[in-house]
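The structure under discussion appears below in the form of structure tokens.
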Ligand SMILES: [Fe+2]
């Protein structure tokens with residue numbers, strides 16, 4: 029059975045981190061080995077006010093997108109003060125540490141690839157004193173040409189809705205979409221991508237834009253609602269839910285909300301430069 033599923037927000041279970049590195053951290057894994065993934069782990073991380081994550085590094089890459097709260101991160105000596113819609117990537121082996129200096133819990137979307145060998149925090153995570161828990165940091169957007177691995181997503185980054193144009197596919201099969209790349213190989217991520225997707229109300233990729241591919245995808249819905257057309261049937265998705273599409277899992281969407289549908293999307297491994305998306309409808313003319 030091909031792995032694809034809607035993981036509703038009501039099923040997310042925050043579990044206290046037991047790595048020994050963190051204070052006040054809990055994590056809800058939304059997709060990973062348990063959903064049939066072999067390349068990624070997608071989770072929500074929640075750090076309590078005053079909470080910390082000591083210096084550590086991983087064998088995997090880790091992208092993050094801050095959903096709420098304020099938090100400091102030190103990435104290899106670069107200290108940043110993150111606010112909602114700030115994002116970044118920690119490349120493999122790069123030391124980093126976190127600190128929630130706000131009054132409320134900080135919550136961020138987290139993507140890891142290659143997939144850790146366990147959904148716990150310990151596998152693939154190694155403590156280091158090369159960085160320490162930060163006490164201050166620069167806001168994203170402050171002029172600093174040495175900053176490469178963090179950024180801020182703003183509404184006006186989205187282009188006009190139109191046909192899909194991204195690494196691996198350009199063409200009309202998916203229309204009425206706006207896409208803004210956050211993390212890919214241009215900033216050093218070799219195993220995964222992370223980007224924002226927004227569809228206009230009423231848009232649909234179904235059925236001609238339904239497709240599958242050799243890489244895995246996950247979609248964390250930020251706004252709006254849609255029907256996900258998956259191998260297992262048509263399922264409702266609302267803001268806060270996650271959809272996982274494994275290798276060769278057919279997927280497409282019909283937007284059902286009056287407002288735009290926006291999600292954070294991740295892919296692992298990253299798509300090949302062309303020919304990465306397979307649309308069965310394209311192959312009907314050559315079928316017999
Ligand atoms: Fe896809």
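Numbering (the working numbering), first residue to last: 29 to 316. For each residue, glycine too, the CB sits at the ideal point set by N, CA and C.
Can you tell me whether residue i is buried or exposed, with buried defined as 16 or more other CB within 10 angstroms of its CB?
i	result
residue 314	exposed
residue 38	exposed
residue 221	buried
residue 245	buried
residue 188	exposed
residue 319	Outside the shown range of the chain (29 to 316) lies residue 319, about which nothing can therefore be said.
residue 80	buried
residue 154	exposed
residue 233	buried
residue 121	exposed
residue 252	buried
residue 89	buried
residue 311	exposed
residue 140	buried
residue 50	buried
Going by DSSP in three states, residue i sits in which element: helix, strand or coil?
i	result
residue 202	coil
residue 182	coil
residue 117	strand
residue 44	strand
residue 29	Because residue 29 carries a pLDDT of 49, less than 50, the predicted location of this residue cannot be relied on, and the following value inherits that uncertainty. DSSP places residue 29 in coil when its eight states are reduced to three.
residue 96	strand
residue 313	helix
residue 62	helix
residue 39	helix
residue 250	strand
residue 72	strand
residue 170	coil
residue 142	coil
residue 49	coil
residue 214	helix
residue 77	strand
residue 308	helix
residue 190	strand
Hey, would you say residue i sits closer than 8 Å to residue j, going by beta carbons?
i	j	result
residue 268	residue 238	no
residue 54	residue 43	yes
residue 128	residue 78	yes
residue 217	residue 117	yes
residue 289	residue 256	no
residue 56	residue 72	yes
residue 162	residue 107	yes
residue 194	residue 231	no
residue 274	residue 32	yes
residue 301	residue 241	no
In chain order, what residues of the same chain have a beta carbon less than 7 Å from the beta carbon of residue i, not counting five sequence neighbours either side?
i	result
residue 223	207, 208, 209, 210, 293
residue 66	143
residue 29	Bear in mind that the predicted position of residue 29 carries a pLDDT of just 49, short of 50, making it unreliable; the figure below should be weighed with that in mind. So the list is empty, once near-sequence residues are dropped.
residue 45	53, 54, 55, 149
residue 158	83, 123
Ordered along the chain, which non-local residues of its own chain (more than five positions away) have a Cβ less than 8 Å from that of residue i?
i	result
residue 160	82, 83, 102, 125
residue 115	91, 92, 93, 94, 178, 179, 180, 181, 210, 211, 222
residue 215	117, 176, 177
residue 172	166
What distance in whole Å lies between the Cβ atoms of residue j and residue i, which are believed to be in contact at a cut-off of 8 Å?
i	j	result
residue 304	residue 199	Not confirmed; about 12 Å, so no contact.
residue 97	residue 132	5 Å
residue 219	residue 297	6 Å
residue 265	residue 249	6 Å
Starting from the C-beta of residue i, find all residues in its chain whose C-beta is less than 6 Å away, skip the five residues before and the five after it, and write them out in chain order.
i	result
residue 309	236
residue 100	109, 127, 129, 162, 165
residue 138	71, 73, 92
residue 272	33, 59, 63, 246
residue 41	56
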